[in-house]
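In the working numbering, the protein residues as written are -17 to 459.
Just so it is clear, CB atoms sit at the ideal spot from N, CA and C, and this is done for glycine as well.
First comes the structure, then the notes that go with it.
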């Protein structure tokens, strides 16, 4: 068969393998080889394109990572959350930089040629200033220290003794390592690693650009830079962790305060419900009885009294619905629901119970007592109760005085205590919100009054609440 028509003795004996006596080769393997070479070329071309793109993006990325991106903010001196050790560290760093500048100057001027003496003094002072500036601007300080170190080496390399360490001398490592350490304290680890890489690349470039043989120390300076970088990054991580814990504690305290405030408002609402419900029940009963007290009441009067009774019953039902919404999961017991709310008439019993607990309490009343709204009497009783409870918890051994002042515009409640005779375990263990003060403030604000709490003369504590009847506190002391 012809070559065009089929296989010949000199053709392939098998697919892809030439016959021993044949001179022809299969075209398919050649095509495969050329295709593989094309694929390899395409991959190589794609990698080259990506490499060129990365090289083009490198300056921009370098600018964004190691220049434009801000460092961690550290509170300035004078701010409430500023570290107390920062001024001392700054002073110590200034003193250390000044001390290091002297041997650095001697190191740079101890060359055979005297042409670098002025430059040496300027470089040493500038490097010291850059190290101090690292406390405020660590990124700029690192750039300044790196540029100064490289420039100093380039200027002094030709006159440098071959026995001296190159490219980083002892003092050069101190300044460069200090700049890296201050940088790692204030920037993320990725940026700090970029600064370390540039520092090592600068050292490698300096080792290649020499005019004479030197005592190379890149293998010794690199571990030093790595250690200071890791130390700075670890301290930064510790600082951020502590700050996160502080923020979490503050957030937890705020949430606890809000929850306590809501619980106190719910408790006040439940107590006021009983007071208001009593009055609404009285109104309903009076409206029901009123027609029987009048001889031949008119139909219009009966209709109005019936409307009053129905409105009172509807209001009472709505109050019960509101109470159901405000009730917490721990609902009061059946006996607690039917217990009457306390008033000023029960202050004597309250003071007696506190005295039986071992605390000396005196009760004084000024002014002419008169009937007060139940809400005012209930709030006054609860304020006195909470104030005395705080004295027992936080001022062991102290005596207390309760003053109730009846005025034309309302009621004044004042509870004072003397200084405690011994430390309070409750005060030492308390780190949260003073729930009692929140409750007293809520009750006072609800009535449109004022509450003042604070230290009393002689080392004690004083709580003063002004509870107006008409909402006007100007006539109350």
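message = Given a cut-off of 8 Å on the beta-carbon distance, is the pair residue 359 and residue 326 in contact?
response = yes
Inside the segment 146 to 194 only - alpha helix (DSSP H) runs reaching at least 4 residues = 152 to 166 and 171 to 190
key: Given residue 209 as reference, the closest of 235, 160 and 284 once Cα atoms are compared   = 160
message = I'd like to check one pair, residue 425 with residue 328: are the Cβ atoms closer than 8 Å?
response = no
ask   = Using the beta-carbon count (16 or more within 10 Å), is residue 441 buried or exposed?
value = exposed
ask   = So what does residue 443 bridge to, in DSSP terms?
value = 399 and 437
inquiry  = Distance check for residue 343 and residue 375, CA to CA, integer angstroms please.
reply    = 15 Å
inquiry  = Give me the residue from 272, 265, 434 and 283 with the minimum Cα distance to residue 298.
reply    = 265
query = Residues in its own chain within less than 7 Å of residue 367 by CB, not counting five upstream and five downstream?
reply = 332
task = Pull up the distance between the alpha-carbon of residue 254 and that of residue 244, whole angstroms please.
result = 15 Å
message = At the level of alpha carbons, what is the spacing between residue 418 and residue 431?
response = 17 Å
ask   = Hey, quick one: how far does the alpha helix (DSSP H) through residue 369 stretch, first residue to last?
value = 356 to 376
request  = Could you check what DSSP says for residue 418 in three-state terms: helix, strand or coil?
outcome  = helix
task = Would you mind sorting residue 445 into buried or exposed? The rule is 16 or more other CB atoms within 10 Å of its CB.
result = buried
query = Roughly how many angstroms separate the alpha carbons of residue 136 and residue 188, rounded to a whole number?
reply = 8 Å
query = Is the Cβ-Cβ distance between residue 164 and residue 117 less than 8 Å?
reply = yes
request  = Have a look at residue 242 and residue 206 and give me their C-alpha separation to the nearest angstrom.
outcome  = 54 Å
ask   = By Cβ distance, which residues of its chain are closer than 8 Å to residue 108, with the 5 residues on each side in sequence left out?
value = 126 and 130
query = Where do the ends of the beta strand (DSSP E) carrying residue 346 lie?
reply = 343 to 348
query = residue 120 and residue 195: beta carbons closer than 8 Å?
reply = no
inquiry  = Let me check one thing: in DSSP terms, what residues is residue 449 bridge-paired to?
reply    = 393
Distance between residue 230 and residue 202 (C-alpha atoms, nearest Å) = 43 Å
ask   = Apart from the five residues on each side of it in sequence, which residues of its chain come closer than 7 Å, Cβ to Cβ, to residue 295?
value = 266
key: CA-to-CA distance, residue 173 to residue 204, given in whole angstroms   = 17 Å
ask   = Taking C-beta to C-beta, are residue 53 and residue 212 nearer than 8 Å?
value = no
query = Are residue 379 and residue 402 touching if we call contact CB-CB under 8 Å?
reply = yes
ask   = Nearest-angstrom Cα distance between residue 428 and residue 275?
value = 38 Å
query = Per DSSP, what kind of secondary structure is residue 276 in: helix, strand or coil?
reply = coil
request  = Give every residue of the same chain whose Cβ lies closer than 7 Å to the Cβ of residue 258, excluding the five residues on either side of it in the sequence, and list them in chain order.
outcome  = 301
query = Is residue 215 near residue 251, with beta carbons less than 8 Å apart?
reply = no
key: Where residue 158 falls, given that 16 or more other Cβ within 10 Å makes a residue buried   = buried
request  = Round the Cβ separation of residue 348 and residue 387 to the nearest angstrom and send it over; I've been treating them as touching at under 8 Å.
outcome  = 5 Å
message = If I follow the unbroken alpha helix (DSSP H) through residue 383, where does it start and stop?
response = Residue 383 -> not in any alpha helix (DSSP H); beta strand (DSSP E) instead, spanning 382 to 388.
request  = Give the straight-line distance between the Cα atoms of residue 341 and residue 373, rounded to the nearest whole angstrom.
outcome  = 9 Å
task = Leaving aside the five residues before and after residue 154 along the sequence, list all residues of the same chain whose C-beta is less than 7 Å from its C-beta, in chain order.
result = 131
inquiry  = Would residue 449 and residue 390 be called neighbours here (beta carbons separated by less than 8 Å)?
reply    = no
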